[in-house]
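To start, the structure under review is shown below, and the notes come after it.
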Ligand code: ATP
Ligand code: MG
């Protein structure tokens with residue numbers, strides 16, 4: 544079976560370090576292994592409009608921001624097809640047919656949708672498009688026959704929903720759609736990176752992010768304002784690691800070589816953690832180290848982004864080419880779906896022949 548990866552991001556803001564550790568870093572690694580027959584990376588503008596209908600300018604202006612973040616992180620248009628969701632009309636058609644295979648109560652049970660409805664204060668005024676976006680996500684995944692979907696933990700219920708749609712479709716209409724596999728980060732800290740406030744997950748909509756394109760001063764300011772252990776008041780007090788955002792970020796970003804470079808008195812993260820728990824290690828020192836780590840990780844990304852941003856028309860041209868390629872693939876899947884559902888009347892010579900005989904009788 545062909546190996547196909549599909550994943551994407553909503554253009555609701557620049558991408559942040561949560562996206563990076565949750566999915567983006569993995570995509571680039573997988574892209575560079577060369578083990579995939581096809582890789583599709585989607586800027587999900589149609590999905591972003593489901594909760595930003597009255598703010599199209601926000602979505603429109605963030606397309607380029609997300610595209611630049613992609614290129615800066617190492618997604619390579621020679622190896623991966625980067626495209627814009629709204630330019631692929633077949634995705635709407637697929638969603639429309641999949642809607643018949645999902646119940647309202649099933650959508651209401653989706654935990655991610657539930658959390659997001661609360662977060663956006665929709666209460667009872669949920670746009671239908673937002674409510675049904677898990678279905679449109681199933682269309683995105685199946686249109687490209689994706690076998691692998693690398694995402695953060697919040698996407699688990701979406702992939703579950705997609706799998707149910709695939710099974711239902713295949714059992715009603717015959718084997719047509721490919722069953723995708725979710726690929727979660729192996730590192731626990733990366734499953735759902737918290738925001739700098741330590742509360743919810745880092746999310747563009749919550750404003751608790753460190754962006755990939757952030758300037759050094761800003762990164763430093765954010766690191767030094769980070770939530771730690773509120774009971775760790777004096778340096779000599781024992782500190783807690785659970786819920787301590789600074790240590791979660793170190794778990795997500797620290798490479799062994801950073802100790803030799805920035806904090807040679809410790810040999811590794813375990814030693815640093817043990818000292819913190821024992822007492823005698825101040826938050827400031829740990830924050831200084833995290834700042835150095837993040838600066839080292841983000842500097843090359845920021846510099847590459849600046850290079851790519853010198854030629855914006857070339858970025859749009861790349862997205863246009865990618866969208867054309869993506870549309871051709873989605874059109875092929877839609878044709879197969881319509882044939883399976885027997886709504887391909889004009890291609891169905893058997894049907895026309897049988898009915899002409901029937902009416903001739
Ligand atoms: P929005 O608030 O508009 O929903 P978002 O910040 O949640 O934006 P998405 O575009 O919804 O970002 O998510 C894109 C991808 O990044 C998904 O695979 C998601 O799982 C992953 N992701 C987003 N935030 C995090 C996070 N804090 N930790 C790990 N992965 C994340
Ligand atoms: Mg999200």
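Residue numbers (my numbering): 544 to 904.
Built from N, CA and C at the ideal position, the CB exists for glycine as well.
Predicted, not measured: the structure shown is a model, and the values here were computed from it.
- Under DSSP, residue 550 forms a beta bridge with 584.
- Distance from the CA of residue 822 to the CA of residue 784, rounded to the nearest whole angstrom, comes to 12 angstroms.
- The DSSP assignment places complete beta strand (DSSP E) segments of no fewer than 3 residues inside the stretch 712–796 at 724–726, in order along the chain.
- By DSSP's assignment, residue 692 forms a beta bridge with 725.
- Fully enclosed alpha helix (DSSP H) runs of no fewer than 4 residues occupy 633–641, 647–651, 654–662 of the stretch 604–668, in order along the chain.
- Less than 8 angstroms separates the beta-carbon of residue 716 from that of residue 884.
- Take residue 732, set aside five residues on each side of it, and the residues of its chain with a beta-carbon closer than 6 angstroms to its own are 791, 794, 795, in chain order.
- Counting C-beta atoms within 10 angstroms of its own C-beta, residue 777 has fewer than 16 neighbours from the protein chains shown and is therefore classed as exposed.
- A direct Cα-Cα distance of roughly 42 angstroms separates residue 718 from residue 738.
- Note that the C-beta distance between residue 736 and residue 789 is not below 8 angstroms.
- Annotation for residue 569 indicates a beta carbon at 7 angstroms or more from all heavy atoms of ligand 2.
- The beta-carbon separation of residue 587 and residue 561, rounded to 16 angstroms, does not stay under the 8 angstroms limit for a contact.
- Pairing residue 634 with residue 686 gives a Cβ-Cβ distance under 8 angstroms.
- Setting aside the 5 residues that flank it on each side, residue 599 is surrounded in the same chain by 592, each with a C-beta closer than 8 angstroms to its C-beta; the list follows chain order.
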